[in-house]
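Take the sequence shown: its position 91, counted from the start at 1, is 106 in this note's numbering, and no numbers get skipped.
Comments concern the structure below.
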Amino acid sequence: QVQLVESGGGLVQPGGSLRLSCAASGSIFSILAMDWYRQAPGKQRELVASIGRDGSTSYADSVKGRFTISRDNAKNMVYLQMNSLKPEDTAVYYCRTFFLRPYWGQGTQVTVSS
């Protein structure tokens with residue numbers, strides 16, 4: 016069993032920054048690949064960024080150069096640093112992993128608006 020809890024969302028002006036955090040339970044965190052997804056109103060959930068257990072990262076084209084995913088295995092945490100935020104980044108952001116089956120957090124709302 017893996018439990019994921021996101022935090023750090025909020026309201027930010029265009030051009031601003033936010034750092035999302037995802038706390039994971041369980042002793043197997045260090046072997047898990049971790050993902051951040053987002054879902055905007057009326058749109059499908061989309062993969063934003065991934066980090067492997069070796070620290071390798073990948074990003075959606077829409078966030079490359081602006082978002083950075085990182086992890087701290089000692090704390091069972093994964094982060095998403097979001098810079099130069101745009102209104103189109105407004106969405107609920109979810110932390111996700113897979114171990115025998117997918118696990119999702121409850122999501123955290125990010126709103127980018129002036």
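Using N, Cα and C, we set each Cβ at its ideal position, and we do this for glycine too.
Just measuring C-alpha positions, the residue of N91, R34 and D104 sitting nearest V78 is D104. Distance from V107 to Q124 at the Cβ level is roughly 5 Å; contact confirmed, criterion being Cβ atoms closer than 8 Å.
Distance from the CA of S40 to the CA of M92, rounded to the nearest whole angstrom, comes to 9 Å. As computed with DSSP, A75 is found in no beta bridge at all. Here L115 is exposed, its C-beta having fewer than 16 other C-beta atoms within 10 Å. Setting aside the 5 residues that flank it on each side, P29 is surrounded in the same chain by L100, K101, P102, V127 and S129, each with a C-beta closer than 7 Å to its C-beta; the list follows chain order. The beta carbon of A75 sits closer than 8 Å to those of E61, L62, V63 and A64, all from its chain and outside the five residues before and after it, given in chain order. For V27, the enclosing beta strand (DSSP E) starts and ends at G25 to V27. G120 and F82 have their C-alpha atoms some 19 Å from each other.
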